[in-house]
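Quick note on the numbering used here: the sequence shown kicks off at 1 and runs consecutively.
Note that beta-carbon positions come from the ideal geometry of N, C-alpha and C, so glycine has one too.
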Amino acid sequence: KFYNKFVEWQFKKLAVQNLIIKGKHAVYFCPSCNNPVTTDDIKGGDELDIEMSEYYLLKEKLAGEDCYLVAATLRPETIFGITNLWVNPEKIYVKAKVNDETWLISKKAGEKLKKQGFEVTVIEEFKGENLTLRLYCLKGLKNKF
1 KFYNKFVEWQ FKKLAVQNLI IKGKHAVYFC PSCNNPVTTD DIKGGDELDI
51 EMSEYYLLKE KLAGEDCYLV AATLRPETIF GITNLWVNPE KIYVKAKVND
101 ETWLISKKAG EKLKKQGFEV TVIEEFKGEN LTLRLYCLKG LKNKF
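Written out as structure tokens, the structure reads:
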């Protein structure tokens, strides 16, 4: 009890001096517990090499429409060599309003973006085969994030 009060007192003192701030940052999160976790909370977390992946979004305008095909990459340095976009014809994709734009993304990507605080409203669902053989304006990285 006294230890907790001491920690609270420390945080209040640091906050008054503007030495700590509250903000957004990535954390490990357990969706079933709806709680942030540390590697100590994860079974075997001390032995496992658990890491976060940081993806870079590529927004490519769909020719003749006011929406973007959005893909993700772990290797942003390779985007200047993009000559085509690949989709899995069997996977489910969605047309969704993401914040103030309309995106074509995988259903799974939409769910993950929601968990990261994006406003995602699904307009329609379809198979990836509906995205093949369409014309896209490849203008390179337009990442606002």
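query: Given that a residue counts as buried once 16 or more other Cβ atoms are within 10 Å of its Cβ, and exposed if not, what is A71?; result: buried
query: Which residue spans inside the stretch 66-103 form an unbroken beta strand (DSSP E) run of at least 3?; result: 68-73, 92-98
query: Using DSSP's beta-bridge definition, name the partner residues of S106.; result: Y93
query: Is it buried or exposed, K142, if we count other Cβ atoms within 10 angstroms and call 16 or more buried?; result: In this prediction, K142 scores a pLDDT of 48, lower than 50, which makes its location untrustworthy; no coordinate-derived value is stated.
query: Quick one: what's got a C-beta closer than 8 Å to V94's C-beta in the same chain, skipping five residues either side?; result: L104, I105, S106, K107, G110, V122, I123, E124, E125, F126
query: State the start and end residues of the unbroken alpha helix (DSSP H) segment that holds V27.; result: First-last for V27: undefined, no H or E at that position.
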